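Peer 1: Residue numbers (the numbering used here): 5 to 262.
Here a beta-carbon is modelled for each residue, glycine too, at the ideal position from N, C-alpha and C.
All values reported here derive from a predicted model rather than from experimental measurement.
Starting off with a structure, shown below.
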Ligand code: CAA
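If you want it as structure tokens, here you go:
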């Protein structure tokens, strides 16, 4: 993969978007490489994935403006679908995905962060949807996920005004869970990923599915989704190991993902 690096550390996968000359902007090749990286994650071993950007300046500075500048209506729609399909795949990826936002997260960059389960960032991070200032709408889910995450009023203020916000405001409005000095960001992301990876992997996956799928339907249906996924856990060895350890007043040594 030319624009994306992948590394595994224990049960944690790390995907790094690596196109620093263009502040990691997303053209079709970069998007394709991100998809390939996710496809390559072995979810029988990996229990959480971290997505970050190469360098200390930018997570992702958006979709590639040079590539978009000459697009027709049909090409624009195709590009939107191309990005949206990949971001939806990340959103529904079986294991939790953490965005470690190490700088600019603008346009497609903010949209990439928002399709991850959890966002943390460095103090120099900047978030925004500058598209209206370029004559377009957000195109990789920004009009939908931003409003769901921080509420329609604040999202509309940011999107209509093409107003970027800094890390402290992103924290205040709930766009990120925590802010760290740049040099501590990856260690914090790794600690969070390892905390998740210590728990029963099938249960964690079912939690992700229950929260995500439940949010898309009304409460009666949402509760049924939870009941089914809750029940499924009782067929796992990890449930037996976890509960036996509790009853024997000891910590479970390790969950085996089965
Ligand atoms: N697309 C293409 N190239 C980009 C880019 C982008 N989104 N963002 C930055 N770059 C390139 C610059 O053109 C520049 O390249 P050259 O050195 O070849 O000139 C290089 O990255 C460095 O950028 P700057 O010199 O501009 O760096 P800076 O520190 O002065 O500014 C910045 C940083 C504020 C992030 C500025 O680069 C910027 O405003 N970038 C565009 C941000 C943006 O509008 N993103 C939204 C894109 S639209 C979108 O994403 C649509 C969608 O929803 C799908």
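Check whether the Cβ of residue 108 sits closer than 6 Å to any heavy atom of the ligand CAA, and report yes or no.
Peer 2: In the chain shown, residue 108 corresponds to position 104, counting from 1. The answer is yes for residue 108.
Peer 1: Could you check the C-alpha separation between residue 135 and residue 161 for me, to the nearest Å?
Peer 2: The residue labelled residue 135 in the question sits at position 131 within the chain shown. The residue labelled residue 161 in the question sits at position 157 within the chain shown. Roughly 13 Å between the two C-alpha positions.
Peer 1: Any chance the CB of residue 136 is under 6 Å from a heavy atom of the ligand CAA?
Peer 2: Position 132 of the chain shown, counted from the start, is the residue given in the question as residue 136. Answer for residue 136: no, Cβ out of range of the ligand CAA.
Peer 1: Given this structure, state the Cα-to-Cα distance separating residue 81 from residue 237, to the nearest angstrom.
Peer 2: Here residue 81 refers to the residue found at position 77 of the chain shown. Here residue 237 refers to the residue found at position 233 of the chain shown. The alpha-carbon atoms of residue 81 and residue 237 are separated by roughly 41 Å.
Peer 1: Under a three-way DSSP split, which group does residue 56 fall into?
Peer 2: On the chain shown, position 52 is the one that residue 56 refers to. In the structure shown, residue 56 sits in a strand (DSSP, three-state: E or B).
Peer 1: Is residue 142 near the ligand CAA, with its Cβ less than 6 Å from a heavy atom?
Peer 2: On the chain shown, position 138 is the one that residue 142 refers to. It does: the Cβ of residue 142 is within 6 Å (strictly closer) of some heavy atom of the ligand CAA.
Peer 1: According to DSSP, simplified to helix, strand and coil, what is residue 13?
Peer 2: As a first step, residue 13 is located in the chain shown; it is residue number 9 there, counting from the start. Three-state DSSP puts residue 13 in a strand.
Peer 1: Could you spell out the range, first to last residue, of the beta strand (DSSP E) harbouring residue 123?
Peer 2: Taking the chain shown and counting its residues from 1, one reaches residue 123 at position 119. Where residue 123 is concerned, the enclosing beta strand (DSSP E) stretches over 122-126.
Peer 1: Figure out for me which residue from 24, 30, 33 and 43 has the closest Cα to the Cα of residue 10.
Peer 2: The sequence position of residue 10 within the chain shown is 6, counting from 1. Closest by alpha carbon: 43.
Peer 1: Comparing C-alpha positions only, which one of 106, 138 and 119 sits nearest to residue 144?
Peer 2: The residue given as residue 144 occupies position 140 in the chain shown. Selected option, being the one with the closest Cα: 119.
Peer 1: Per DSSP, residue 44 is paired with what?
Peer 2: The residue labelled residue 44 in the question sits at position 40 within the chain shown. Residue 44 pairs with nothing; no bridge assigned.
Peer 1: Any heavy atom of the ligand CAA closer than 6 Å to the beta-carbon of residue 58?
Peer 2: Stepping through the chain shown from its first residue, residue 58 is reached at position 54. No, the beta carbon of residue 58 sits no closer than 6 Å to any heavy atom of the ligand CAA.
Peer 1: Quick one: what does DSSP say residue 50 is sitting in, helix, strand or coil?
Peer 2: Within the chain shown, the letter at position 46 stands for residue 50. Here residue 50 sits in coil by DSSP.
Peer 1: Hey, residue 197 and residue 54: beta-carbon distance below 7 Å or not?
Peer 2: As a working mapping, residue 197 is identified with position 193 in the chain shown. As a working mapping, residue 54 is identified with position 50 in the chain shown. Cβ distance < 7 Å, so residue 197 and residue 54 count as in contact.
Peer 1: Measuring straight from C-alpha to C-alpha, what distance separates residue 163 and residue 47?
Peer 2: In the chain shown, residue 163 corresponds to position 159, counting from 1. In the chain shown, residue 47 corresponds to position 43, counting from 1. Going from the Cα of residue 163 to the Cα of residue 47 covers about 35 Å.
Peer 1: Could you have a look at residue 35 and say whether DSSP puts it in helix, strand or coil?
Peer 2: Residue 35 sits at position 31 when you count from the first residue of the chain shown. Residue 35 falls in the helix class under three-state DSSP.
Peer 1: Are the segment 18-36 and the segment 49-65 touching by the rule of at least three beta carbon pairs closer than 8 Å?
Peer 2: Enough Cβ pairs lie closer than 8 Å, so yes.
Peer 1: Taking 6 Å as the cut-off, is the beta-carbon of residue 103 closer than that to any non-hydrogen atom of the ligand CAA?
Peer 2: Locating residue 103 in the chain shown gives position 99, where the first residue counts as 1. No, Cβ of residue 103 sits at least 6 Å from all heavy atoms of the ligand CAA.
Peer 1: Would you report the Cα separation of residue 182 and residue 171, rounded to the nearest angstrom?
Peer 2: Taking the chain shown and counting its residues from 1, the one referred to as residue 182 is at position 178. Taking the chain shown and counting its residues from 1, the one referred to as residue 171 is at position 167. Rounded to the nearest angstrom, the two C-alpha atoms are 9 Å apart.
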